[in-house]
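**Student:** Dumping the structure here so I can ask a few things about it.
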Amino acid sequence: MSLPDRFDPAAESKLYERWLDAGSFRADADRSTRIGGDREPFTIVMPPPNVTAILHLGHALDEVPQDVLIRWARMKQQEALWVPGTDHAGIATQNVMEKAIAKDGKTRFDIGREEFVRRTEKFVGETGGAILRQLRAIGVSADWTRTAYTFSPELSRAVREAFARLYEEGLIYRGHRVIHWCPRCLTSLSDEEAEFEEETGALYQIAYPVTGSNAKLVIATTRPETMLADVAVAVNPKDKRYRDLVGKTVRLPIVDIEIPIIGDDYADPEFGTGVVKITPAHDMNDFEVGKRHNLPAPIVINEHGEMEEEADADGRVPAFVRGDDRFVARKKIVKRLQEIGALVKTEQHQHAVRHCYRCDTVVEPRLSDQWFVRMEPLAKPALEGLRAGAIRILPQRWEGVYVNWLENIRDWNISRQLWWGHRIPVWYCKDCDPPYDVHVSRTELTECPHCGGPVRQDEDVLDTWFSSWLWPLSTLGWPDEKAEDFRAFYPTDVLVSGPDIIFFWVSRMIMAGYHFTGRAPYHTVLFHGIARDAQHRKMSKSLGNGVDPLDVVRLYGADALRWTLVSGMGLGVDMILDPDDIEKTFAPGRNFVTKLWNIGRFLLEKAGTAPVTPVAEIPREKLQRVDEWILWRLDVAIAECDAALGPLRPTTPLDTADRVRWTEEERYSGMRLNDLAETARRFVWNELADWYLEAIKGRLAEGGDGDDAEVARAVLVHAFDGALRLLHPVVPFVTEAVWQQLPSHVEGTYLVTAEWPEKREDIGSPARAQEFEVARELVGAIRQIRAENSVPPGKHIDAFVIPPNENGGTRMRVGDVFSVTGDGAFGEIAAIVERLARATLTVVDKAPAAAAAHAVTNVGASLVVPLAGLVDVDKECSRLRGELTSLEKQLESLESRLANEKFVSKAPADVVAGERKKLGEWNARRQQLRDKVQTLCGG
RNA sequence: GGGCGAAUAGCUCAGUUGGUUAGAGCGCCUGCCUUACACGCAGGAAGUCGGGGGUUCGAGUCCCUCUUCGCCCACCA
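So in my numbering the end of the first sequence lands on 1354, straight run, no missing numbers.
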């Protein structure tokens, strides 16, 4: 039986189908220990891609780590659930639709709200699943039977429940204030959706004549067009220059009306001229000042960002700018001010201007009525959760960002003047008295619950993030807390996301989790970096510098893509990929896949398909040193992979039984997926393939001792099986394909659900394994000498091994070849050297002068191989003594701390336990060091 | 204006309580189509760990400072 010499990436989709058919990704709520089952649940909710999205590398960066984690948990025999789904993405999707309509020269207003929503639904229905289908191509092992959608009837119910509950609790209110407005999207935005961008603009100084005097007040502004809506100028009451003017008036140029001079701390004497114009309707701060001084708020810019007066503007907008765009008007106003001599000066000014995060239009502050969520009460538990360790954020540096945002949280504007989204569940009744004006309802209202009269639903929709923040709850059945999935899988475990949505989404989910369920929605937040190109620019559609993951899959396979992403993914580090050379970028993954495949081929060819003896059943004495060595290396690899991934979940009780926290020791450990990849790669390639496989070729070959051949075969299968298990989360396809071919494979089983390997209990004394290291050292030394002397590869040589001896103030540190010659070790080692270095090993008591001379004069006939590991004793002794001194110092302080009753009684139990454990480790280390010093330095 | 991060081989990156000779992949050089694999094998060259100062027996790792790049936050018109 033989296989093609490459793994065919096209086979990946067939494997995926087989997993689906086997139900491998389906989680079973009944099995969760939380509702009486026998498996711990491990849950991840997928950050839902926008329904209109097509797969890009950002998705892969998001999904692949999640897939690694969920596959790992699944193999750890957890009841692993990964909930997939999509986001209706209100403003983003609406923009897409508006662009589509614009191709017919129409706007959404031309076709009307109902038709617009209908078309969007249709569009989403047609394309909505596409992104999820694409995810399958990269191996995403989500439970598709639980696919969710933020705008589905079920999740919409959660949205209404959340709104109603917050309203009833007084945490949602209607506010009349200046908000961020996008004049292109024609909607208000939250603070987070209005992003700052540094810009160089102009700072204009304008003179306002003081009424009844020749004096002028010079104000500074970056937005002169808003002066039309000025209702006052403010000076700082402590400012000696101006304080006598408070109470007087100035004449507003162009508009030609009188406005008061007021005193307010808001005016900063240090900035500009120390005088600031007050425009309540078009600036957030001015609005607050206006409120304090009871000033009107005339509006002179309309929703499209054009100069247009609305109510109470009293003819402030002169004819020459009426209808103009705000930026056109700005120029005209400046020109007019110049003409009438009111413009004092113009200077360059660097400032941050807010832009719409969806269309990049400069945001306009706009006075209007919106619904807000009072955030401060929600922020408190979210902060406390992090402090108590119920939640950890990796990498740690994002904790500060999270804390800072929550500590300075501002109320959340959740109204959007859009058509695509959850309609705000508020109805207004005209006929009732004002107290009954607003009706919030969980169900559709057709008549006023108070007077039975007609009601009108709020025209606005909710911020799309108002449904997103419920995602871990709503996808599991909330608000029905009796829902099976909710009971079985909430709280979830890990949330993987990009840090760019830490405020939009991650923090708000935590707030919602605590507020609505009293528990954090997950215990671990894992932030990954973003994809950048070779010039370190963010990959983006507009720059055209992206890598299409599907191209990579088609060319090299999903495993190659996953390998490159995972092995290159430092914790939270941006990923630099070259879109112009995807061969170079993804070849390492492809090559690795091929290597795995070929190890499989070798195994099949040389070891056949006959049933294989389990390693555990092989008597220890039948194992050769190389067998013990590779089994030991496997144990080490398993231990290192476990350490790289860390604990699945925290287990230390926080307060009640169902709440847990991370200990300090666990908190920042694990989740190093690149370490998993590297460790497993090193084992399977550099140890299993390069050494073990080469070393046993002779034993497997025909004519070898049947019994011993079976030992080698069994160990090989076992070690490779272990490697495939460790690697499966990273490269699921090729590992499954190869695993299915192993002689140990049981028909109908899949690696995807096979058990994660465990290291043997007793790996304490790998002495015989260590003896194999001598062989590795010898082979390395001989190969090196061969290469240096250009000995032809096929040429067989003799090699003499010189015993370690004292000379020139140095001693051999490793050199115990001779101590193991008596029990057969030398025979094993010699055989391996024979095979791997093509050299016949001869041990000599001392270097024969003839041999040495021969080595120089007649290379290839015989070589003298001094063992490596020469060490400068003086240097090494000084280092060891230093380490010992320092360790003893630290031990002393540790001992005194543990002797301190206050520390032992007051410090958290796990801290004390940790210190005790450390004490043990350090003592052992001290002994080790003392022994070393004793042997090496003689006391 | 505040805060954070990064700087390690030509490139992309590891380097977890300070401790043997700082690692990997790609690239480069030499030799090999050795019966699993040239998407491979063997060997090799290559790093004053951004600069300076400090703590220590010992610093890529801790402290201070400077330089360069990047990110986040912020109501200074």
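Where is the CB? At the ideal position from N, CA and C, for every residue including glycine.
So Val1146 and Val962 are supposed to be a Cβ contact under 8 angstroms. How far apart are they, rounded?
**Tutor:** Contact doesn't hold; Cβ gap of about 19 angstroms is too wide.
**Student:** Could you tell me the boundaries of the alpha helix (DSSP H) in which Thr890 lies?
**Tutor:** Where Thr890 is concerned, there is no enclosing alpha helix (DSSP H), given that its DSSP letter is neither H nor E.
**Student:** Is DSSP giving Phe1215 helix, strand or coil here?
**Tutor:** Of the three classes helix, strand and coil, the one that applies to Phe1215 here is strand, per DSSP.
**Student:** Inspect the beta-carbon positions of Val1030 and His1133 and report whether they are closer than 7 angstroms.
**Tutor:** Taking 7 angstroms as the Cβ cut-off, Val1030 and His1133 qualify as a contacting pair.
**Student:** Could you pull out every residue in the same chain whose Cβ sits closer than 6 angstroms to the Cβ of Met699, ignoring the five residues on either side in sequence?
**Tutor:** Closer than 6 angstroms at the Cβ level, and outside the excluded window around Met699, lie Val593 and Pro780.
**Student:** Cutting at 7 angstroms between CB atoms, please list the residues of its own chain near Asp645, excluding the five before and the five after it.
**Tutor:** Counting only Cβ-Cβ distances below 7 angstroms, and skipping sequence neighbours, we find Leu667, Ile674, Lys692, Ile693 and Thr694.
**Student:** List the residues that DSSP assigns as beta-bridge partners of Glu721.
**Tutor:** Asp740, per the DSSP bridge assignment.
**Student:** Strictly by DSSP, which residues pair up with Cys1390?
**Tutor:** The structure shown does not extend to residue 1390, since the chain spans only 416 to 1354, so no value can be given for it.
**Student:** Can you look up Ala728 in the DSSP assignment and give me helix, strand or coil?
**Tutor:** DSSP places Ala728 in coil when its eight states are reduced to three.
**Student:** In this structure, does DSSP put Phe686 in helix, strand or coil?
**Tutor:** Here Phe686 sits in coil by DSSP.
**Student:** Can you give me the C-alpha to C-alpha distance between Ala696 and Leu782, rounded to a whole angstrom?
**Tutor:** Approximately 5 angstroms, taken between the alpha carbons.
**Student:** Between the beta-carbon of Val1167 and the beta-carbon of Trp434, is there less than 7 angstroms?
**Tutor:** Yes, the pair counts as a contact, with Cβ atoms nearer than the cut-off.
**Student:** Going by alpha carbons, who is nearest to Val1161 out of Ile469, Thr1024 and His503?
**Tutor:** Among Ile469, Thr1024 and His503, the Cα nearest to that of Val1161 is on Thr1024.
**Student:** Cβ atoms of Thr448 and Thr508: under 7 angstroms apart, would you say?
**Tutor:** No, Cβ-Cβ distance for Thr508 and Thr448 is not below 7 angstroms.
**Student:** Answer yes or no: do Trp1047 and Ala1190 have a C-beta to C-beta separation smaller than 7 angstroms?
**Tutor:** Going by C-beta atoms, Trp1047 is not nearer than 7 angstroms to Ala1190.
**Student:** Nearest by alpha-carbon distance to Leu1356: which of Arg446, Arg533, Glu536 and His471 is it?
**Tutor:** In this structure the chain extends from 416 to 1354, so residue 1356 is not present and cannot be described.
**Student:** Hey, could you find the ends of the alpha helix (DSSP H) Trp842 is sitting in?
**Tutor:** Run containing Trp842: none in the alpha helix (DSSP H); it sits in the beta strand (DSSP E), Val841 to Cys844.
**Student:** Where Asn1101 and Ile1045 are concerned, what is the direct C-alpha to C-alpha distance, given to the nearest angstrom?
**Tutor:** Their Cα atoms are separated by approximately 11 angstroms.
**Student:** How would you call Gly1284, buried or exposed, if buried means at least 16 neighbouring beta carbons within 10 angstroms?
**Tutor:** Any reading at Gly1284 needs caution, since the residue's pLDDT is 33, under 50, leaving its predicted position unreliable; the model's value is listed next. The residue is exposed, with fewer than 16 neighbouring Cβ atoms inside 10 Å.
**Student:** Out of curiosity, what's the CA-to-CA distance linking Ala1276 and Glu1186?
**Tutor:** The pLDDT assigned to Ala1276 is 39, lower than 50, so where the model puts this residue is not dependable; a value taken from the coordinates is nonetheless given after this. Looking at the two C-alpha atoms, the distance is approximately 27 angstroms.
**Student:** Please return the same chain residues whose Cβ sits closer than 7 angstroms to the Cβ of Asp900, not counting the five positions on each side in sequence.
**Tutor:** Only Ala444, Leu891 and Gly892 meet the Cβ criterion.
**Student:** Checking 7 angstroms against the spacing of the C-beta atoms, do Ile839 and Leu885 come in under that value?
**Tutor:** Taking 7 angstroms as the Cβ cut-off, Ile839 and Leu885 do not qualify as a contacting pair.
**Student:** Who are the Cβ neighbours of Asp654 in its own chain at under 8 angstroms, not counting the five residues just before and after it?
**Tutor:** Same-chain partners within the cutoff: Ala682, Pro684 and Gly689.
**Student:** Have a look at Phe1241, Ala927, Cys844 and Gln811 and flag the residue whose alpha-carbon is nearest the alpha-carbon of Ser1084.
**Tutor:** Answer by Cα proximity: Gln811.
**Student:** Who are the near neighbours of Lys747 in its chain, counting only those whose CB is closer than 7 angstroms to its CB and skipping five residues on each side?
**Tutor:** Correct list, in chain order: Phe735, Val736 and Asp739.
**Student:** Determine the burial state of Glu1125: buried for a count of at least 16 other Cβ atoms within 10 Å of its Cβ, exposed for fewer.
**Tutor:** Buried, since its Cβ has 16 or more Cβ neighbours within 10 Å.
**Student:** Check the C-beta distance from Asp502 over to Thr565 and give it rounded, since I have them as a contact under 8 angstroms.
**Tutor:** Confirmed, about 5 angstroms.
**Student:** Going by the beta-carbon positions, is the gap between Val1153 and Ala1110 smaller than 7 angstroms?
**Tutor:** No, the Cβ-Cβ distance between Val1153 and Ala1110 is not below 7 angstroms.
**Student:** Select from Arg831, Gly836, Leu801 and Ala805 the residue whose C-alpha is nearest the C-alpha of Asn819.
**Tutor:** Ranking the options by Cα distance to Asn819, first place goes to Leu801.
**Student:** What residues in its chain sit with their C-beta under 7 angstroms from that of Ile485, if we drop five residues either side in the sequence?
**Tutor:** So the qualifying residues of the chain are Ile459, Ala495, Trp497 and Ser556.
**Student:** Are the Cβ atoms of Pro462 and Asp477 separated by less than 7 angstroms?
**Tutor:** Contact: yes.
**Student:** Ordered along the chain, which non-local residues of its own chain (more than five positions away) have a Cβ less than 8 angstroms from that of Leu418?
**Tutor:** Only Trp1012, Gly1015, Arg1016, Leu1019 and Gln1156 meet the Cβ criterion.
**Student:** Run the CB neighbour count on Glu1355, radius 10 Å, all protein chains shown included, and call it buried at 16 or more, exposed below.
**Tutor:** The question about residue 1355 has no answer here: the residues shown for the chain are numbered 416 through 1354.
**Student:** With respect to the alpha helix (DSSP H) encompassing Tyr971, which residues constitute its N-terminal and C-terminal limits?
**Tutor:** Counting along the chain, the alpha helix (DSSP H) containing Tyr971 begins and ends at Pro964 to Tyr971.
**Student:** For Asn629, does the three-state DSSP call read helix, strand or coil?
**Tutor:** Three-state result, Asn629: coil.
**Student:** Taking just the CA atoms, how far does Leu1139 sit from Arg789?
**Tutor:** For Arg789 and Leu1139, the distance between alpha carbons rounds to 51 angstroms.
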